[in-house]
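Engineer: In our numbering, the protein residues as written are 268 to 581.
Using N, Cα and C, we set each Cβ at its ideal position, and we do this for glycine too.
In this text, all values refer to a predicted model and were calculated from it rather than measured experimentally.
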Amino acid sequence: MKSFCVAAILAALTASAASAETIGVSMQSFDNNFQTLLREGLSARASKAGGVTLQIEDAQTDVSRQLNQVNNFIAAGVDAIIVTLADTSAAPGISEAAEKAGIPLVYLNLQPDNIDRLPAKQAYVGSKETDSGRLGAEAACEILKRNGKTGDAQAYILMGDLAHQASRDRTSSVKETLAAGDCKGVTIADEQSAAWTRTNAMDLTTNWITAGRPIDAIFANNDEMAIGAIQALKAAGVSMDSVVVVGIDATQDGLAAMANGDLDVTVFQNARGQSASALDAAVALVRGHSVDKQVMVPFELVTPANMADYAHQN
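#1: How many Å lie between Asp449 and Ala316 at the Cα?
#2: Taking buried to mean at least 16 other C-beta atoms within 10 Å of its own C-beta, is Asn594 buried or exposed?
#3: Please identify the residue among Phe486, Ile476, Ala446 and Ala478 whose C-alpha is closest to the C-alpha of Glu458.
#4: Beta-carbon within less than 7 angstroms of Gln421's beta-carbon, same chain only, minus the 5 sequence neighbours each way: which residues are those?
#5: How many angstroms separate the CA atom of Tyr391 from the CA atom of Ile497?
#6: Let me know if Asp466 comes out buried or exposed under the rule of 16 or more other beta-carbons within 10 Å of its beta-carbon.
#7: Sort Leu321, Asn339 and Gln378 by Cα distance to Leu352 and report the nearest one.
#8: Does the segment 566–577 come close enough to the segment 305–312 to have 3 or more Cβ pairs within less than 8 angstroms?
#9: Using DSSP bridges, identify the partner residues of Tyr423.
#10: Do the segment 541–552 and the segment 368–382 touch if we need at least three Cβ pairs shorter than 8 angstroms?
#11: In this structure, does DSSP put Ile515 in helix, strand or coil?
#12: To the nearest angstrom, how far is it from the Cα of Thr444 to the Cα of Gly400?
#13: Hey, quick one: how far does the alpha helix (DSSP H) through Met492 stretch, first residue to last?
#14: Across which residues does DSSP place Glu567 in a beta bridge pair?
#15: Would you mind reading off the limits of the beta strand (DSSP E) that contains Gln322?
#16: Is the Cβ-Cβ distance between Gly291 and Ile348 less than 7 angstroms?
#17: What's the gap between the Cα of Ala387 and the Cα of Gln541?
#18: Express the C-alpha separation of His579 and Asp428 in angstroms, rounding to a whole number.
#19: Do you know how far the Cα of Thr320 is from the Cα of Arg384?
#20: To which residues of the same chain is Ser314 closer than 7 angstroms at the C-beta, ignoring the five residues directly before and after it?
#21: Ordered along the chain, which non-local residues of its own chain (more than five positions away) have a Cβ less than 6 angstroms from that of Leu471?
#22: What is the residue span of the alpha helix (DSSP H) that Gly360 lies within?
#23: Please report the straight-line C-alpha distance between Asp576 and Met492, rounded to a whole angstrom.
#24: Going by DSSP, what residue range makes up the alpha helix (DSSP H) through Gly403?
#25: Could you pull out every residue in the same chain whose Cβ sits closer than 6 angstroms to the Cβ of Arg332, ignoring the five residues on either side in sequence?
#26: DSSP puts Glu288 in a beta bridge; with which residues?
#27: Within 10 angstroms of the Cβ of Arg413, are there 16 or more other Cβ atoms? Answer buried if so, exposed if not.
#28: Pick out whichever of Thr518, Ala517, Ala524 and Thr473 has its Cα sitting closest to the Cα of Ala502.
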């Protein structure tokens, strides 16, 4: 796994050919805020790459719809395909279809199940998901230590879509990080999937509050769910000073919640970096260049101390 020097690759590609490429893009969901950032990033990068046209479709989190979109791209003879997976287990079938058609394929953001068996002219661009959970848990542990709550704190985890490896990796790394450090006394009281959405997270958190359970920390697999948890806590009159809330993505909404003193920690996931690297990889493969099979864009810890540095990143 190597980092991707997107500026150098873009310069090489724009200088190497005057050809025009059409790239089919199947997005997991237009309704997902981070997926929207990725979509916008792809469009912005395509406008700079020279001669690249995108055909972007919304899979609406439906695996069958996404498979149909990929098959339609193949039938239409696109030059390359970029996919953010509705279900990561569908990747082997998508890879096989693209390979048979001889069309380059790049998976973006959501790691495919066949990550270690990708055919030629296929790649994955994303971030190491376990790093995001680790960074968030380490920062949350420091806050719990300051609050004297490491011995008996009750923590909850709001998971994303269970069909996504990101949800499983982010969750497991939170639990492993807490168990291995000064916060090994923290109890994971419950973990439930809120499918990446604010509304579902609000409902789940409301259920935990209504059940009368103590809540000292909430780890959300993304900022949207963290915000949903915050809304539920505030609606129930819970002081935000008494609960550590952790998100992932450092979206604009997440940073606004941090500025309000509600979100304690988030982890920047570089939507522009991921989408630019994916677009560059797809174009490179079409034009006969080689790319790394796995291109990892680093996660970065965001707290109130450095949040200003990320104000316009996502």
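Structural biologist: Concretely, from the data shown:
#1: 48 angstroms
#2: There is simply no residue 594 to check, as the chain begins at 268 and stops at 581 in what is shown.
#3: Phe486
#4: Here Gln421 has Thr454, Ala456, Arg480, Pro481, Ile482 and Asp483 as same chain residues with Cβ atoms under 7 angstroms from its own Cβ, once five neighbours each way along the sequence are excluded.
#5: Answer to the nearest angstrom: the Cα atoms are 33 angstroms apart.
#6: One detail in the question is off: residue 466 reads as Thr in this sequence, not Asp. Exposed is the call here.
#7: Cα-wise, what sits closest to Leu352 is Gln378.
#8: no
#9: Asp457 and Ile485
#10: yes
#11: coil
#12: 8 angstroms
#13: Asp490 to Ala502
#14: Phe535
#15: Segment Val319 to Asp325, the beta strand (DSSP E) holding Gln322.
#16: yes
#17: 21 angstroms
#18: 27 angstroms
#19: Looking at the two C-alpha atoms, the distance is approximately 29 angstroms.
#20: none
#21: Gln459 and Ala461
#22: Ala358 to Ala368
#23: 23 angstroms
#24: Segment Glu396 to Arg413, the alpha helix (DSSP H) holding Gly403.
#25: Ala326
#26: Val319
#27: Arg413 comes out exposed.
#28: Thr473
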